[in-house]
Amino acid sequence: MNGDTTTEGYEVERCGESEAIDEESTVSPDAEDPLQIFRMPKKMKLADNVKNSDEIISKNQRFWRETLQNQKITKVLAPMVDQSELAFRLFTRKYGAQLTFTPMIHAHLFVNDGTYRRNALALVKADRPLVVQFCANKVDTFLAACRLVEDVCDGVDLNLGCPQMVAKRGRYGSWLQDEVDLICEMVSAVRDYCKIPVSCKIRVRDDRQETISYATRLVDAGATMLTVHGRTRDMKGAETGLADWTRIRDVVEAVGSRVPVMANGNIQFPGDVERCMEATGAVAVMSAEGLLYNPLIFDDANAHVETWKIAAEYLEYARDFHAGTSAIRAHVFRICHHSLLEYEDLRMRVSLEHRVEDFENIVEELGKRARADAEAGKEREVEARKLFESIRLFKAYCII
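Heads up, the sequence shown is in my numbering, so the first residue is 1321 and it goes up one at a time.
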């Protein structure tokens, strides 16, 4: 890689300056208000690639281990398409998440489409440390995308774990895992030319030794942190099954002395973080599905709050931080999943509404019904106890 890196097809302009230049933004990512939203501008100029010094590479190599240790980070929100948006990231931080990942962003679109770039990433100072995750299959595209965000986040991550068919069609995520040479070239390019550290999120492979070799090559290429999902690429949908924590331990034992390894998979209940860390030896644990169904799962003291109350509080964040309708709808469905199964009319309304206030009304109604059902349940319990006592006294009288 050098200053003449091919950029054919990019809308991002090259310039001779040392940093990406924001031509539209009116709010700096360094604004004094920690909750002031910053969005990536539609037009940006990107400086020529300048190779990192050994000092910068070494600093980046140490960054995540030192950050995780110094800040005692063990609880991490996973990157989730249209689900780990700014509002949800901040909401989970309130209840224990210490490191967050953005939704997976398509590097090609991020580099070439200014509107996509502006809509894909919303940031605030309070949401740090933060990792921006990309999917990519071209070295120059991945590098350009990473360099565009190097001043607004703490690290970049390459998605090598998405198992969905859309990823197969797009040749990214876990469907890229058989092209290890290409992956390593992408990782090395970011190590050599980006100011912030690069990490990778992977799935275990079918063979244990292949998984170890895969992880080792990524670290050799420059990955400064690995997140290992304990399921294979084929374990999805109806075939999801349980994540294998012993497979994660294999990676920890192989490369854990060189880079931090985070575990992902089977984090569903309070206490799972500690159990997973003990079983795998990982330095931290990442949760995706578990947090979607219970965003308070990292907070043992609040892990059993009524779901409608959780949804109501999330909606406050959604309103304040401009979450999109699809994200809001998905979160309300997940958080209130079990309750909505009982009320088909409310479930249908969730699928149709678009405004935050409409979702707030649904959740408020859900709360009213839940409270009414709880009171009715108490009354039935009192009546049952009275009946039981009457039967007991009647039996005692008959014996006499």
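For glycine and all other residues, C-beta sits at the position ideal for the given N, C-alpha and C.
Residue i to residue j span [Cα, whole Å]
i, j, result
"Asp1640", "Leu1406", "10 angstroms"
"Ile1264", "Arg1691", "One cannot answer for residue 1264 here, as it falls past the ends of the chain, which runs 1321 to 1720."
"Glu1344", "Ser1373", "Reliability of the predicted coordinates at Glu1344 is poor, the pLDDT of 42 falling under 50, and no value is obtained from them."
"Glu1699", "Lys1556", "Note that Glu1699 scores a pLDDT of 48, beneath 50, so its modelled location is shaky; the value from the coordinates is reported in the next line. So the alpha carbons of these two residues sit roughly 44 angstroms apart."
"Gly1610", "Gly1434", "33 angstroms"
"Arg1359", "Cys1514", "20 angstroms"
"Leu1410", "Met1668", "28 angstroms"
"Leu1635", "Tyr1436", "24 angstroms"
"Gly1481", "Lys1688", "41 angstroms"
"Leu1502", "Thr1566", "28 angstroms"
"Glu1386", "Lys1379", "10 angstroms"
"Asp1620", "Ile1568", "25 angstroms"
"Asn1457", "His1426", "10 angstroms"
"Asp1540", "Phe1653", "42 angstroms"
"Gly1644", "Ala1638", "8 angstroms"
"Glu1664", "Asn1681", "15 angstroms"
"Asp1353", "Trp1495", "41 angstroms"
"Arg1491", "Ala1465", "17 angstroms"
"Cys1504", "Ile1357", "34 angstroms"
"Glu1594", "Arg1489", "37 angstroms"
"Ala1631", "Leu1686", "10 angstroms"
"Asn1369", "Ala1487", "29 angstroms"
"Glu1626", "Gly1493", "35 angstroms"
"Glu1662", "Ala1608", "25 angstroms"
"Ala1509", "Pro1615", "36 angstroms"
"Asp1693", "Ser1533", "55 angstroms"
Local Cβ density within 10 Å of residue i, reported as buried at 16 or more and exposed below that
i, result
"Phe1421", "buried"
"Gln1588", "exposed"
"Glu1695", "exposed"
"Asp1570", "buried"
"Leu1660", "buried"
"Arg1382", "exposed"
"Met1485", "exposed"
"His1657", "exposed"
"His1674", "exposed"
"Asp1554", "exposed"
"His1428", "buried"
"Leu1463", "buried"
"Gln1529", "exposed"
"Leu1612", "buried"
"Pro1590", "buried"
"Lys1467", "Correcting the residue identity first, residue 1467 is Arg in this sequence and not Lys. It is buried - the Cβ of Arg1467 has at least 16 other Cβ atoms within 10 Å."
"Thr1346", "Because Thr1346 sits at a pLDDT of 44, beneath the cut-off of 50, its placement in the model cannot be relied upon, and the following sentence gives the value as read from the coordinates. Label assigned to Thr1346: exposed."
"Gly1542", "buried"
"Asp1460", "buried"
"Thr1560", "exposed"
"Leu1355", "exposed"
"Val1469", "buried"
"Val1575", "buried"
"Leu1672", "exposed"
"Ser1404", "buried"
"Ser1646", "exposed"
Contact belief for residue i with residue j at Cβ below 8 angstroms, rounded distance in angstroms
i, j, result
"Val1676", "Ile1648", "7 angstroms"
"Val1401", "Pro1423", "5 angstroms"
"Phe1618", "Tyr1415", "6 angstroms"
"Arg1413", "Lys1362", "Not really, about 28 angstroms apart at Cβ, beyond 8 angstroms."
"Arg1525", "Thr1552", "7 angstroms"
"Met1582", "Thr1547", "4 angstroms"
Whether residue i touches residue j by CB criterion (8 angstroms)
i, j, result
"Ala1535", "His1549", "no"
"Asn1479", "Lys1521", "yes"
"Arg1511", "Val1518", "yes"
"Leu1275", "Val1507", "It is not possible to answer for residue 1275, since the shown part of the chain is limited to 1321 through 1720."
"Ala1440", "Phe1454", "no"
"Trp1384", "Met1597", "no"
"Arg1523", "Pro1483", "yes"
"Leu1443", "Val1476", "no"
"Trp1628", "Val1683", "yes"
"Pro1449", "Leu1419", "yes"
"Phe1408", "His1651", "yes"
"Asp1592", "Asn1586", "yes"
"Ile1516", "Asp1447", "no"
"Ala1417", "Leu1388", "no"
Closer than 7 angstroms: residue i CB and nearest the ligand GTP heavy atom
i, result
"Gly1490", "This structure does not include the ligand GTP; it has no bound ligands of any sort."
Point to revise | Any 3 or more C-beta pairs closer than 8 angstroms across the segment 1584-1603 and the segment 1390-1397 | key: yes
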